[in-house]
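Have a look at the structure below before the remarks.
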Amino acid sequence: PEVVMVGLGYIGLPTAALVAQNKVQVHGVDINPAVVETINAGKIHIVEPELDQAVETAVKQGYLKAATTPVEANTYLIVVPTPFKDKNEPDISFVQSATEAVIPLLKEDDLYIIESTSPIGTTERMMALIFEKRPELKDKIHIAYCPERVLPGNVMYELVNNDRVIGGVDSASTNKAVEFYAQFIQGKLHKTNARTAEMCKLVENSSRDVQIAFANELSLICDKADINVWELIELANKHPRVNILQPGCGVGGHCIAVDPYFIVADYPMESKIIGTAREINNYKSFWCAEKIKSTKMEFELKHGRKPSIALMGLAFKPNIDDLRESPAKYIAQKVLQNSNDEEYFIVEPNIKSHKVFKLTDVEKAVKEADIIAFLVAHDEFKKVQVPKDKIVLDFCNVG
Ligand code: SAJ
């Protein structure tokens with residue numbers, strides 16, 4: 005094969021399919037044998053529009069093959085997760101083990117690229133590891149960092165059309181990596197060095213996190229000040245140079261709620277706003293859960309009976325079925341703790357069933373609950389007519 009793609013997850017698999025669509029032989033690697041088997045059967049193990057068709061075609065035409073170990077190629081891409089350990093320290097052990105797996109295969113003029121979101125300096129660290137084991141390759145291979153920036157749900161389009169930032173450990177590496185991506189990508193390819201490219205990825209997501217934190221902070225102030233935060237933001241945004249994002253019930257997903265910690269862990273004294281934004285966004289989920297509980301208590305005091313409560317939405321953002329790192333799920337868990345499940349209707353129209361939560365459909369929940377808490381602004385919820393006598397907690401501007 006021409007290309008080895010280590011990691012066949014949310015980014016690695018679509019990227020492998022895109023490269024293969026261009027009739028370039030790709031050898032995909034994943035440590036999970038079930039994933040390898042699924043892909044070799046032309047199927048996919050994740051939910052992403054248009055990906056199924058792309059993988060099926062690539063496998064059928066023989067351009068994409070998966071295995072649990074890498075083979076010799078000319079270009080190696082590392083696209084594995086970088087989770088974090090306790091105390092929000094980034095964990096680059098997957099990047100390291102993926103690199104260790106390809107080191108014996110590297111030869112002169114090869115290209116090694118990391119795409120995984122990584123703390124600043126990771127590419128240089130992997131370069132040191134490569135040359136420690138293969139000193140004869142020093143200055144003879146190309147090493148670069150090129151983060152992805154695709155939005156889940158629109159990956160196949162954004163992979164091709166988004167601009168990319170490409171940073172080599174030297175300019176020959178940058179140029180070689182740009183040549184590689186130019187075969188598949190229509191967006192602009194911006195050249196820089198590896199450290200800047202690493203930080204750029206972290207900064208993009210931190211920037212969004214900080215902006216959402218600002219909106220969430222406003223929502224807390226407005227709640228006390230008895231001002232409608234949605235109206236306030238809409239009006240402030242009429243200013244030609246103001247563009248405030250939307251408050252919600254916290255920030256979820258596996259990127260925006262994670263990547264800022266990669267900066268904070270290494271530069272704790274300097275990253276004040278970035279660190280505080282994380283705290284504000286996490287606190288907002290806790291606050292929402294407390295608000296539901298206090299509303300429930302007020303109802304009990306007033307009516308002398310327990311209210312029934314509808315929790316509307318579990319996904320980490322509108323109109324998707326992804327519950328990972330979801331603030332809405334966290335809130336549901338928090339309010340259901342130590343309470344009788346029967347008082348609750350949990351609604352998530354984007355999934356059929358859930359192993360912990362018993363799901364109710366939208367109409368029934370809205371009709372029967374005394375208190376309705378909107379946690380996610382799904383389109384289905386916007387159409388709902390909520391009867392006047394209900395108590396509504398709208399955390400995401402559904403109403
Ligand atoms: N959110 C708000 N208010 C807003 C916008 C979003 O509360 O005004 C919340 C969402 O509900 C969600 C979270 O933020 O819980 C994140 O959602 P998102 O749509 O902002 O982003 P992700 O996590 O789906 O994808 C992000 C994207 N990054 C940026 O927009 C800077 C995507 O381009 C990245 O590729 C992706 O992270 C990634 O993989 O890093």
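Each step along the sequence shown adds one to the number in full-length UniProt numbering, with nothing skipped, and position 191 is 195.
We treat Cβ as the ideally placed atom computed from N, Cα and C, and that holds for glycine.
Predicted, not measured: the structure shown is a model, and the values here were computed from it.
Residue i, enclosing beta strand (DSSP E) - first and last residue
i	result
residue 4	Since the first residue shown for the chain is 5 and the last is 403, residue 4 is missing from the structure and cannot be characterised.
Asn197	193 to 197
Ile395	395 to 398
Met273	Note, Met273: premise wrong, no beta strand (DSSP E); not H, not E.
Tyr14	Tyr14 -> no beta strand (DSSP E), and no H or E assigned at all.
Leu315	313 to 316
Ala377	375 to 378
Ile335	No beta strand (DSSP E) holds Ile335; the alpha helix (DSSP H) holding it covers 331 to 340.
Val169	168 to 172
Val360	Looking at the DSSP string, Val360 is not in any beta strand (DSSP E), and its letter there is neither H nor E.
Val351	348 to 351
Beta-carbon proximity check, residue i vs residue j, cutoff 8 Å
i	j	result
residue 1	Phe399	In the structure displayed, the chain extends from 5 to 403; residue 1 sits before or after that span and is not available.
Ala293	Ile248	no
Asn285	Ala186	no
Glu367	Lys310	no
Ile82	Val10	yes
Gly279	Val268	yes
Val8	Tyr80	yes
Ala38	Val30	no
Pro18	Leu55	yes
Phe349	Ala373	yes
Leu340	Lys333	no
Ile335	Ser289	yes
Asn232	Gly191	no
Gly125	Ala148	no
Glu384	Pro353	yes
Ala71	Val33	yes
Leu163	Leu141	no
Ile296	Leu133	no
Asp213	Val255	yes
Val59	Leu68	yes
Phe303	Ile225	no
Ile355	Asp325	yes
Lys321	Val380	yes
Thr86	Ser122	yes
Val63	Asn36	no
Leu222	Pro251	yes
Leu115	Ala181	yes
Asn26	Phe188	yes
Cys253	Pro331	yes
Top-ranked residue by Cα proximity to residue i, from the options
i	options	result
Thr61	Ser101, Ile82, Val40, Ala20	Ala20
Ile48	Gly13, Leu318, Gln190	Gly13
Ala198	Phe188, Arg168, Ala105	Arg168
Ser177	Glu112, Asn26, Ala77	Glu112
Glu52	Glu41, Ala38, Ile15, Val33	Ile15
Val370	Val351, Ile50, Glu104, Arg212	Val351
Asp270	Phe88, Lys288, Ile147, Gln337	Phe88
Glu119	Glu140, Lys69, Leu109, Met203	Met203
Val402	Pro391, Asp393, Ile395, His382	His382
Gln65	Pro139, Val75, Val246, Gly46	Gly46
Thr196	Glu183, Ile189, Arg212, Asn179	Asn179
Ile376	Phe188, Gly317, Lys356	Gly317
Lys137	Val40, Glu104, Leu115, Tyr116	Glu104
Lys91	Lys386, Glu302, Tyr265	Tyr265
Met160	Gln57, Lys387, Ile260, Ser357	Gln57
Cys259	Pro272, Lys242, Arg282	Arg282
Asp174	Gln389, Asn323, Asp143, His194	Asp143
Asn323	Asn158, Thr42, Val262	Asn158
Gln215	Ile277, Met273, Leu193	Ile277
Terminal residues of the alpha helix (DSSP H) in which residue i lies
i	result
Leu115	Leu115 -> not in any alpha helix (DSSP H); beta strand (DSSP E) instead, spanning 115 to 118.
Arg153	Neither: Arg153 is in no alpha helix (DSSP H) and is coded neither H nor E.
residue 431	This structure does not reach residue 431, given that the chain is present from 5 up to 403, and the question cannot be answered.
Val30	Per DSSP, Val30 belongs to no alpha helix (DSSP H); it is in the beta strand (DSSP E), 30 to 33.
Ala181	175 to 186
Asn165	159 to 165
Val388	Here Val388 belongs to no alpha helix (DSSP H), and DSSP marks it neither H nor E.
Lys371	366 to 372
Would you be able to state if there are at least three C-beta pairs under 8 Å between the region 128 to 141 and the region 92 to 106? yes
Ignoring anything shorter than 4 residues, give me the alpha helix (DSSP H) runs that lie fully in the region 41 to 106, in order along the chain. 55 to 64, 97 to 106
Are the region 202 to 212 and the region 139 to 157 touching by the rule of at least three beta carbon pairs closer than 8 Å? yes
Please list the segments of the alpha helix (DSSP H) lying wholly inside the region 230 to 282, counting only runs of 4 or more residues, in order along the chain. 233 to 240, 263 to 270
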